[in-house]
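>
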Amino acid sequence: MSLADDIGVLRRVPLFTDLTDEQLRLLAFSGERVAVAAGETATAAGDPATGAAVVLSGRLALTPGAGFPGRPQHAGPAALINAPGLVAAGVEPFTVVGEEASELLVIRRPVFLRLLGEFPTVAARLHADLARRLADFAGEAARLGAALDDDR
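For the sequence shown, our numbering assigns the number 155 to the initial residue and increments by one for each residue that follows.
1) Please state whether the Cβ-Cβ distance between residue 190 and residue 232 is less than 8 Å.
2) Check for me: the beta strand (DSSP E) holding residue 210 runs from which residue to which?
3) Is the beta carbon of residue 172 closer than 8 Å to that of residue 279?
4) Rounding to the nearest angstrom, what Cα-Cα distance links residue 219 and residue 203 in this structure?
5) According to DSSP, simplified to helix, strand and coil, what is residue 222?
6) In angstroms, rounded to a whole number, what distance separates the CA positions of residue 265 and residue 184?
7) If distances are taken between C-alpha atoms only, which option among 290, 216 and 186 comes closest to residue 263?
8) Return the first residue and the last residue of the alpha helix (DSSP H) that residue 268 is part of.
9) Going straight from the alpha carbon of residue 198 to that of residue 300, what length do you get?
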């Protein structure tokens, strides 16, 4: 894939849809391409998270780690894996395994934070989006906790 192809995939990621070509080019150029073979583990749940990954091609299986809610999922092109890792230290929430030969664009936290520093309007919009996602996550955790209490 070319840089233009990578930008095209990034443009389809919901978190990045409002970014300009210049901003997408910065992410695409600064990202690290990682090939994942079928059956190969790209990340393991619980490993330190250093950023997030965008699926450029292929298909991957995502299995939530212990302590993370949700069911196993599948990710294809334009999926963003571990968005919170772009702005906060933490651990990988999923074990990610190639279902077929795949390619990821790994965006490291320092690169993303540089983008936010250079483009404060992007930072404000992404802050609002990530805050909404965190609130959704907290609500789901509260619902699961209540359901567990009801089962006791």
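We put the beta carbon where it would ideally sit given N, CA and C, even for glycine.
For this structure:
1) Locating residue 190 in the sequence shown gives position 36, counting from the first residue. Locating residue 232 in the sequence shown gives position 78, counting from the first residue. It is not a contact, given that the beta carbons lie outside the stated cut-off.
2) Here residue 210 refers to the residue found at position 56 of the sequence shown. Counting along the chain, the beta strand (DSSP E) containing residue 210 begins and ends at 205-211.
3) Position 125 of the sequence shown, counting from 1, holds the residue named residue 279. Position 18 of the sequence shown, counting from 1, holds the residue named residue 172. Yes. Within cutoff.
4) Counting from one through the sequence shown, the residue named residue 219 turns up at place 65. Counting from one through the sequence shown, the residue named residue 203 turns up at place 49. Approximately 13 Å between the Cα atoms of the pair.
5) Walking along the sequence shown from the start, residue 222 turns up at place 68. Residue state, collapsed to three classes: coil.
6) Taking the first residue of the sequence shown as 1, we reach residue 265 at position 111. Taking the first residue of the sequence shown as 1, we reach residue 184 at position 30. For residue 265 and residue 184, the distance between alpha carbons rounds to 7 Å.
7) Locating residue 263 in the sequence shown gives position 109, where the first residue counts as 1. Among 290, 216 and 186, the Cα nearest to that of residue 263 belongs to 186.
8) Position 114 of the sequence shown, counted from the start, is the residue given in the question as residue 268. Element bounds for residue 268: 263-272.
9) Stepping through the sequence shown from its first residue, residue 198 is reached at position 44. Stepping through the sequence shown from its first residue, residue 300 is reached at position 146. Cα to Cα, the separation comes out at about 29 Å.
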